[in-house]
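Just so we're aligned, residue 4 is where the sequence shown starts under the working numbering, counting upward by one.
For every residue, glycine included, the Cβ atom is placed at its ideal position computed from N, Cα and C.
Nothing here was measured: the structure is a model prediction, and the numbers come from that model.
Here's the structure, in structure tokens; my notes come after.
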Amino acid sequence: MKELFVCEKPNQAQDYAAALSGNFEKKNGYFLGEDGKVFTYAFGHLVELKGPEQLNWKSDLDTLPYFEKNMELALIENKKKQYFVIVDLMKKAETVIISTDSGREGEHIFRKIYKLSGLNKPLKRLWVKDNTESGIKKAYSQLRDGSEYEGLAKAGQLRDEADFLVGVNATILATRLSSSRTPISLGRVQTPTLSMIVKRDYTIENFKKVEHFTLSASVKKQGIGNFELLLEKDQQLTKADAESILTALGNRVGLRFDEKIEKEKPKHLFDLTSLQIEMNKKVGWSAKKTLDILQGLYEKHKVVTYPRTSSKFVASTEEFPALLEQHKDQPLIAHILENKYEIEKTFVNPGKVTDHEAIIITKQKPKILGKEEELLYDVIFKRFVAAFYPPAVYQKTSAEFSDGEHVFKSNEKVLIEKGWRSIYDAEIQKPILKDINLDDIDDYELKRKETKPPKRYDEGTLLKRYGECS
4 MKELFVCEKP NQAQDYAAAL SGNFEKKNGY FLGEDGKVFT YAFGHLVELK GPEQLNWKSD
64 LDTLPYFEKN MELALIENKK KQYFVIVDLM KKAETVIIST DSGREGEHIF RKIYKLSGLN
124 KPLKRLWVKD NTESGIKKAY SQLRDGSEYE GLAKAGQLRD EADFLVGVNA TILATRLSSS
184 RTPISLGRVQ TPTLSMIVKR DYTIENFKKV EHFTLSASVK KQGIGNFELL LEKDQQLTKA
244 DAESILTALG NRVGLRFDEK IEKEKPKHLF DLTSLQIEMN KKVGWSAKKT LDILQGLYEK
304 HKVVTYPRTS SKFVASTEEF PALLEQHKDQ PLIAHILENK YEIEKTFVNP GKVTDHEAII
364 ITKQKPKILG KEEELLYDVI FKRFVAAFYP PAVYQKTSAE FSDGEHVFKS NEKVLIEKGW
424 RSIYDAEIQK PILKDINLDD IDDYELKRKE TKPPKRYDEG TLLKRYGECS
């Protein structure tokens, strides 16, 4: 056997066999291509770190902390059969091609199998960005030497071992110190995250509102916000302070305007975390649900690029003309081609692409998608398309007048050119603040305010603040 492809999942192996060998035969634990290529697969992780019991670690405080310089590996009990299928095939292969998911976790899944096998074979890397047939073939034409991914493999190993060492030692310590009859689970990610949530909840539960006041004057014309008293940053007035100012007012002068044009670039392309945040905000999906549906769009339907990316950039625009041409029946993309729009240039930055580029559509057109798949694809599709459209243009107007030593101000921001926001059905607005005069402003009113506690963390805000920690 000349080439053996070790994939992460059975459906991945089947897709690669179809793309690279054409016809293939299903065997016991692998697919055999008519050209002799062999495609085998794991079921995710087949190998794991040995647990505390296998390492004979005791739950005694005197022996903490436990540390292993060279962490030993063990087979996951119910996956032994497939492990031995892979090892047997690797023994027969001239070259082993790492074909697990193209990322840190995928690399680590293969490397644990390979390390435990004790084999020494020439390794190549199939790095698939686009899971369509053409994308798989392109990746195969650009096979890299496995040694180029040693750093990525080490990163996966160190993350796994750090999680294990921190989690096990901390759990033993907390459990023993508390005299708990059941283990108190601590971990590198879960514990600081839980601590942060508990602290925020404590702040909310013990929050005491502070009442304060300001002065405002509404405008007789509809659609214009109030004029509010300008205060120093963090300045808060008591009711007595506000009433004292109110009694001194009564001589408005000098209504003046300041107008600026502001261009708004399209929003960045999606990485996994920003897409999870978007779907949590838009429809309340959990991070896991978004990833699961996204994984289906990538693996099953092949209509989006690799999901587990941390980049919002693309390395080049080389493939975009063919990609857009493939979707020219879509009116939004037809408009791009007709107007010769090019992607926002700051989104093309090879220096900010690590394992994978941003999540975008592929040449593959969606056929039959489920309702939720369709929703997620539409969000990705529109974000990608918007990246080619011109900036949206706003007119920002501020108006202010003086009354004695005090200044009152009102702001307006209106969309005057749709640009990329036309994709999201934005409407042009007419600036109206600049058309008022002092007679259009009503009497002053005392306005009561109160400080508010911080909001509780939800999945979206946790992702936004800390990114994908899992």
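Under 9 Å between the Cβ atoms of residue i and residue j?
{"i": "V213", "j": "T454", "result": "yes"}
{"i": "Y397", "j": "V417", "result": "yes"}
{"i": "V41", "j": "E11", "result": "no"}
{"i": "H111", "j": "G190", "result": "no"}
{"i": "R390", "j": "G422", "result": "Note that residue 390 is Ala in the sequence shown here, rather than Arg. Not in contact: A390 and G422 (Cβ atoms no closer than 9 Å)."}
{"i": "V317", "j": "F350", "result": "yes"}
{"i": "T400", "j": "F260", "result": "yes"}
{"i": "E448", "j": "S247", "result": "no"}
{"i": "L258", "j": "I439", "result": "yes"}
{"i": "F8", "j": "A16", "result": "yes"}
{"i": "S413", "j": "E420", "result": "no"}
{"i": "A45", "j": "I139", "result": "no"}
{"i": "E328", "j": "L340", "result": "yes"}
{"i": "T308", "j": "K72", "result": "no"}
{"i": "L92", "j": "M4", "result": "yes"}
{"i": "H359", "j": "R311", "result": "yes"}
Using alpha carbons as the reference points, say which of the options lies closest to residue i.
{"i": "V388", "options": "K348, D406, I426", "result": "I426"}
{"i": "K242", "options": "P269, R459, R451, V131", "result": "R451"}
{"i": "E153", "options": "R107, P186, D446", "result": "R107"}
{"i": "E80", "options": "V99, D65, V50", "result": "V50"}
{"i": "E136", "options": "I363, K303, S413", "result": "K303"}
{"i": "S147", "options": "R114, I101, R179, L436", "result": "Correcting the residue identity first, residue 147 is Arg in this sequence and not Ser. The shortest C-alpha separation from R147 is found at I101."}
{"i": "K348", "options": "P269, L23, T103", "result": "P269"}
{"i": "L275", "options": "P456, D261, S313, G54", "result": "S313"}
{"i": "I383", "options": "I371, L297, Q225, E462", "result": "L297"}
{"i": "G170", "options": "L155, P186, A156, K157", "result": "P186"}
{"i": "S219", "options": "L326, L249, Q225, Y309", "result": "L249"}
{"i": "V90", "options": "N134, Q279, F113", "result": "F113"}
{"i": "T103", "options": "L58, E448, N134, D237", "result": "N134"}
{"i": "E415", "options": "I336, L23, Q225", "result": "Q225"}
{"i": "P353", "options": "E341, Y344, L126, S319", "result": "S319"}
{"i": "P13", "options": "M4, D237, G25, K30", "result": "K30"}
{"i": "N59", "options": "H48, Y44, F46, E75", "result": "E75"}
{"i": "A251", "options": "D406, A156, E375, G228", "result": "D406"}
{"i": "L78", "options": "P68, K53, K72, F70", "result": "K53"}
{"i": "P125", "options": "K94, K115, K132, D428", "result": "K94"}
{"i": "N254", "options": "P456, I444, P55", "result": "I444"}
{"i": "K374", "options": "L300, I264, E71", "result": "L300"}
{"i": "S105", "options": "K82, K127, W288", "result": "K127"}
{"i": "R468", "options": "S277, P334, A96", "result": "S277"}
{"i": "D446", "options": "G47, F167, K223", "result": "K223"}
{"i": "T98", "options": "G149, K82, P55", "result": "G149"}
Report the three-state DSSP secondary structure of residue i (helix, strand or coil).
{"i": "K5", "result": "coil"}
{"i": "P262", "result": "Checking the sequence, you will find Glu at residue 262 rather than Pro. Looking at E262 - three-state DSSP - the assignment turns out to be strand."}
{"i": "S277", "result": "helix"}
{"i": "L252", "result": "coil"}
{"i": "N134", "result": "coil"}
{"i": "G299", "result": "helix"}
{"i": "F113", "result": "helix"}
{"i": "C472", "result": "Because the pLDDT at C472 is just 42, under 50, the model does not fix this residue reliably, and the point stays unresolved."}
{"i": "F411", "result": "strand"}
{"i": "I371", "result": "coil"}
{"i": "S401", "result": "strand"}
{"i": "L155", "result": "helix"}
{"i": "T98", "result": "strand"}
{"i": "A429", "result": "coil"}
{"i": "I439", "result": "coil"}
{"i": "I363", "result": "coil"}
{"i": "V356", "result": "coil"}
{"i": "A390", "result": "coil"}
{"i": "V187", "result": "The amino acid at residue 187 is misidentified as Val; the sequence shows Ile. Residue state, collapsed to three classes: coil."}
{"i": "G463", "result": "helix"}
{"i": "G170", "result": "helix"}
Q | the stretch 113 to 133 contacting the stretch 76 to 88, beta-carbon criterion three pairs below 8 Å | A | Yes, the stretch 113 to 133 is in contact with the stretch 76 to 88.
Q.
Under 8 Å: do the stretch 36 to 44 and the stretch 136 to 151 share three or more Cβ pairs, one atom per stretch?
A. Cβ pair count under 8 Å is below three, so no.
Q.
Does the stretch 362 to 370 come into contact with the stretch 282 to 292, if we say contact requires no fewer than three beta-carbon pairs (one atom in each stretch) closer than 8 Å?
A. Result no; under three Cβ-Cβ pairs closer than 8 Å.
Q: Ignoring anything shorter than 4 residues or poking outside the stretch 301 to 344, list the alpha helix (DSSP H) runs there in chain order.
A: Listed in chain order, they are 323 to 329, 334 to 342.
Q) Hey, is the stretch 191 to 204 in contact with the stretch 420 to 438, meaning 3+ C-beta pairs nearer than 8 Å? A) They do not touch, by the three-pair rule.
Q: Would you check if the stretch 200 to 214 and the stretch 366 to 383 touch, i.e. whether three or more CB-CB distances between them fall below 8 Å?
A: Counting Cβ pairs under 8 Å, fewer than three are found: no touch.
Q | contact_flag[the stretch 174 to 186, the stretch 52 to 64] where n(CB pairs < 8 Å) is 3 or more | A | They touch, by the three-pair rule.
Q) Of all the beta strand (DSSP E) runs that stay within the bounds of the stretch 20 to 83, which reach a length of 3 or more residues? A) Correct list: 27 to 29, 33 to 36, 41 to 44, 50 to 52, 76 to 78.
Q: Ignoring anything shorter than 4 residues or poking outside the stretch 191 to 231, list the alpha helix (DSSP H) runs there in chain order.
A: Listed in chain order, they are 193 to 208.
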